[in-house]
Amino acid sequence: MRITSGYQIIQKLKRWVTFTGGLLLIAACSQPHEPVNLAGNSWLGYQPLFVYQELNPDSSITSKLKLHLLPATSNVVRLMAEGQLDGGLLTLDEALSYQQDVNDPLCVAKVLDISLGADALLMQPNWRAQPEPLKIAHEIKTVGSYILDRALAAGVFEGREIISVAATPNMQVELFNSKQVDGVISFYPTLGELKKLGAEIIFDSRQISGEIIDVLVIKRSIWLQHQQHIESYIRQAWDQTVSKIKTRDHKVMELIAANTQMPLESVSSALANLKLIGATRPQEFDLERATTSLQKYLLDNELLREPVKLDYCMVESR
1093 MRITSGYQII
1103 QKLKRWVTFT
1113 GGLLLIAACS
1123 QPHEPVNLAG
1133 NSWLGYQPLF
1143 VYQELNPDSS
1153 ITSKLKLHLL
1163 PATSNVVRLM
1173 AEGQLDGGLL
1183 TLDEALSYQQ
1193 DVNDPLCVAK
1203 VLDISLGADA
1213 LLMQPNWRAQ
1223 PEPLKIAHEI
1233 KTVGSYILDR
1243 ALAAGVFEGR
1253 EIISVAATPN
1263 MQVELFNSKQ
1273 VDGVISFYPT
1283 LGELKKLGAE
1293 IIFDSRQISG
1303 EIIDVLVIKR
1313 SIWLQHQQHI
1323 ESYIRQAWDQ
1333 TVSKIKTRDH
1343 KVMELIAANT
1353 QMPLESVSSA
1363 LANLKLIGAT
1373 RPQEFDLERA
1383 TTSLQKYLLD
1393 NELLREPVKL
1403 DYCMVESR
């Protein structure tokens, strides 16, 4: 039986207040506006940007650009589409999918990281003995759907029928622990919690190397208006915080642990499952090649309706 302590309840309430407060703050903004509003979930690869903001709350740079921590990518995508966010932290496949349905297209301000095992499909220990269809929980229309499709193509379910169960990351551990689902597609910190419950990893991002790429995307119209302070923020935030992550600065590790709700002692090993990139130009990371390869797969499998263009903001603004 899973027991929720008083401390855990208080932390959940704090996270809910932070989340709803963030939504109210975003909703209060209208175009054009200051500061630029961006958001992402608690993914490890996004932490250099979040941690910088927490360490420098009163700087002139952070006053012009605000990052909001939201519980799920689906929240980020919805608020971007509604015009309440100017950009977001997404995987490359999510950015491409978003791009096909908007009038204000995106550009990539920074390639953040590549997942090397930090996203995975995890199953109940006895999943092979369970009746069909197998129920797999994941966030719909996000990287979870993409990983499920790639896992099916790789034949990991041995031809068995599966059905998707819509579940944001904050729902997934409970669904798995109560055996309401046979498997979960998730990422750290949820991935770490599921492993502690005995989950078996049957497919992860190492098996599709270079395909799960995280990016900071900005609406092109916003980039053209605010390029200078967006560029200053992401360069300074990324360089300073990544440097501290490499030396395992204790304060930075504590903030990452708090933001991801991960035990402090687990942060370093979790970070080993991704590669921090921090690219803003083709010379630093070949975004065109990655986008072309990923887009071909999405089109071939009818996950995209038509080809879309997505390039570096720096390239497009020249």
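Per the numbering used here, the sequence shown starts with residue 1093, numbered consecutively. We put the CB at the ideal spot given by N, CA and C, even for glycine.
Boundaries for ASP1306: no alpha helix (DSSP H) harbours it, while the beta strand (DSSP E) harbouring it runs 1305 to 1311, taken from the DSSP string.
According to the DSSP assignment, VAL1203 belongs to the beta strand (DSSP E) that extends over 1198 to 1207. Excluding its 5 nearest sequence neighbours in each direction, ILE1326 has C-beta neighbours in its own chain below 8 Å: LEU1141, ALA1201, LYS1202, LEU1308 and THR1372, listed in chain order.
In the three-state DSSP reduction, LEU1177 falls in the coil class, being neither helix nor strand.
Close CB contacts of VAL1359 within its chain, under the 6 Å cut and outside five residues either way in sequence, are with MET1345, ILE1348 and ALA1349 (chain order). When the beta-carbon positions are compared, LEU1244 and ASP1274 stay at least 8 Å from each other.
With a minimum length of 4 residues, the unbroken runs of alpha helix (DSSP H) contained wholly in the segment 1132 to 1190 fall at 1139 to 1147 and 1165 to 1173.
The same chain holds no residue with a CB closer than 7 Å to that of SER1270 once the five nearest residues on each side in sequence are set aside. DSSP places ALA1212 within a strand segment (E or B) once states are collapsed to three. GLU1231 and ALA1259 have their C-alpha atoms spaced approximately 5 Å apart. The segment 1248 to 1255 makes no contact with the segment 1320 to 1339; the number of CB pairs closer than 8 Å stays below 3. Here the segment 1212 to 1220 does not lie against the segment 1299 to 1313, with fewer than 3 beta-carbon pairs under 8 Å apart. The shortest CA-to-CA distance from SER1166 to any of LEU1177, LYS1156, LEU1157 and LYS1158 is the one to LEU1177. Taking C-beta separations shorter than 7 Å and ignoring five residues to either side along the sequence, the partners of VAL1265 in its chain run THR1282, GLU1285 and LEU1286, following chain order. Across the structure, LEU1130 and SER1151 are spaced so that their CA atoms are roughly 17 Å apart. Counting along the chain, no beta strand (DSSP E) covers SER1270, and no H or E run does either.
When rounded, the separation of the alpha-carbon atoms in HIS1342 and PRO1355 is 13 Å. SER1237: member of the alpha helix (DSSP H) spanning 1235 to 1245, first to last residue.
By the beta-carbon neighbour count (other beta carbons within 10 angstroms, threshold 16), ASN1133 is buried. Per DSSP, ILE1232 is not a residue of any alpha helix (DSSP H), being assigned neither H nor E. Taking 4 residues as the shortest admissible run, the segment 1289 to 1365 contains the following complete alpha helix (DSSP H) segments, listed from N- to C-terminal end: 1312 to 1338, 1342 to 1352 and 1359 to 1363. Residues of the same chain with a CB within less than 7 Å of the CB of LEU1208, apart from the 5 flanking positions on each side, are SER1297, ARG1298, ASN1365, LEU1366 and LYS1367 in chain order. By the C-beta density criterion, SER1278 is buried, having at least 16 other C-beta atoms within 10 angstroms. Remark: C-beta atoms of ILE1300 and ALA1212 do not approach each other more closely than 8 Å. Between LEU1136 and LEU1363, the C-beta gap is smaller than 8 Å, which places the two residues in contact. With respect to the C-alpha of VAL1235, the residue from ASN1195, PHE1268, ASN1351 and TYR1190 having the closest C-alpha is TYR1190. With a 10 Å radius around the Cβ and a threshold of 16 neighbouring Cβ atoms, VAL1194 comes out exposed.
With a contact defined as Cβ atoms closer than 8 Å, VAL1169 and ILE1314 miss out at about 16 Å.
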